[in-house]
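*Asks:* Numbering (UniProt numbering), first residue to last: 1 to 261.
(1) Please report how far the alpha carbon of residue 254 lies from the alpha carbon of residue 204, in whole angstroms.
(2) Curious, which full-length alpha helix (DSSP H) runs of at least 4 residues does the region 78-132 contain?
(3) Measuring alpha carbon to alpha carbon, tell me which residue in 153, 97, 243 is nearest residue 217.
(4) Looking at residue 42: is its Cβ nearer than 8 Å to the Cβ of residue 207?
(5) Give me, in chain order, the residues of the same chain whose beta-carbon lies closer than 7 Å to that of residue 126; leave out the 5 immediate sequence neighbours on both sides.
(6) Helix, strand or coil for residue 247, going by three-state DSSP, please let me know.
(7) If you run the structure through DSSP and keep just helix, strand and coil, what is residue 261?
(8) For residue 26, does the count of other Cβ atoms within 10 angstroms reach 16, so buried, or fall short, so exposed?
(9) Mark residue 210 as exposed unless 16 or more other C-beta atoms lie within 10 angstroms of its C-beta, in which case mark it buried.
(10) Measure the C-alpha to C-alpha separation of residue 107 and residue 198 and round it to an integer number of angstroms.
(11) Since residue 138 sits in a beta bridge, which residues does DSSP pair it with?
(12) Quick one: residues in its chain with C-beta nearer than 7 Å to the C-beta of residue 105, no 5 flanking neighbours on either side, listed in chain order?
(13) Helix, strand or coil for residue 1 per DSSP?
(14) Among residues of its own chain, excluding the 5 on either side of residue 220, which ones have a beta-carbon nearer than 6 Å to its beta-carbon?
(15) Looking only at its own chain, which residues have a Cβ that is under 7 Å from the Cβ of residue 268, when we skip the five neighbours before and after it?
(16) According to DSSP, is residue 199 helix, strand or coil?
(17) Does DSSP put residue 39 in a helix, in a strand, or in coil?
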């Protein structure tokens, strides 16, 4: 149901890949956690409320640990990409030093994550998740009206993307998270809804990516300003502004029959 079995298996595979130094394993595991949590949130009417909330909470703990490592990966990569060919040596040295410090922090965070993943908490979570996915604890609505639950869940999720908000960093982040939920919820029902779900997922991803790039650059700009690298901070801020080009059209494309913005 809602691809729970497949996504749960993928999560377990990506957690194993952490040990094997699998390419992008942290990022992929984090995506699976977010997919599962989005499914349980958007289609929450389909599940027993207490059981679904408990599983979402446990998944969030794992997702937070994965997120700490992934965010440091992104920061290091963003710093590397920040340098330009004609940058003076002092700028290159400053960025290089910050990138190296970030990678050292990333290494420590990854070691901590691996210890956590090897522990009993994650093993128990994966076992319980497998059982949850194989035999979901359905509510009355989930048993009798799964199609209605799907449609109504997506409608509500799309409406949340278009909820009126301001332009602050956190307000845009809320919009990004809402778009992400739509994307993953649509992916989970692509077999049932076909092209409509695929289009919805694609539109939500475009908005999510734009808002994510904007946020990453603005957060880095704030750190660089605190370190006294004003010129580099301004470069990040320009990239952040560029990431929002066409955002209104991308958000407008997130539409689902029966939903209103």
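In this text, a Cβ means the ideal position worked out from N, Cα and C, and glycines have one as well.
*Replies:* According to the structure shown:
(1) Position 254 of the chain shown, counting from 1, holds the residue named residue 254. Position 204 of the chain shown, counting from 1, holds the residue named residue 204. Going by the C-alpha atoms only, they are around 6 Å apart.
(2) Correct list: 89-118.
(3) Start at 1 with the first residue of the chain shown, and residue 217 comes out as number 217. Among 153, 97, 243, the Cα nearest to that of residue 217 belongs to 243.
(4) What you label residue 42 is simply residue 42 of the chain shown in a count that begins at 1. What you label residue 207 is simply residue 207 of the chain shown in a count that begins at 1. Against a cut-off of 8 Å, the Cβ pair of residue 207 and residue 42 comes out as no contact.
(5) By one-based count along the chain shown, residue 126 stands at place 126. These residues qualify, in order along the chain: 12.
(6) Indexing the chain shown from 1 puts residue 247 at position 247. It is helical.
(7) Position 261 of the chain shown holds residue 261. For residue 261, the pLDDT reaches just 36, beneath the cut-off of 50, and the residue's location in the model is therefore unreliable, although a value from the coordinates is still provided. Coil at residue 261, not helix or strand.
(8) Locating residue 26 in the chain shown gives position 26, counting from the first residue. Classification for residue 26: buried.
(9) The sequence position of residue 210 within the chain shown is 210, counting from 1. With at least 16 other beta carbons inside 10 angstroms of its own, residue 210 counts as buried.
(10) Taking the chain shown and counting its residues from 1, the one referred to as residue 107 is at position 107. Taking the chain shown and counting its residues from 1, the one referred to as residue 198 is at position 198. Going by the C-alpha atoms only, they are around 37 Å apart.
(11) What you label residue 138 is simply residue 138 of the chain shown in a count that begins at 1. DSSP output for residue 138 lists 47 as bridge partner(s).
(12) Working through the chain shown from its first residue, we reach residue 105 at position 105. Short of 7 Å from the beta carbon of residue 105, and not among the five residues preceding or following it, lie these beta carbons of its own chain, in chain order: 72.
(13) Translated into the one-based positions of the chain shown, residue 1 becomes position 1. DSSP places residue 1 in coil when its eight states are reduced to three.
(14) On the chain shown, residue 220 is found 220 positions in, with the first residue counted as 1. The residues are 78, 236.
(15) With the chain covering only 1 through 261, there is no way to say anything about residue 268.
(16) For the purposes of this step, residue 199 is identified with residue 199 of the chain shown, where counting begins at 1. Residue state, collapsed to three classes: helix.
(17) Taking the chain shown and counting its residues from 1, the one referred to as residue 39 is at position 39. Judged by DSSP in its simplified three-state form, residue 39 adopts helix.
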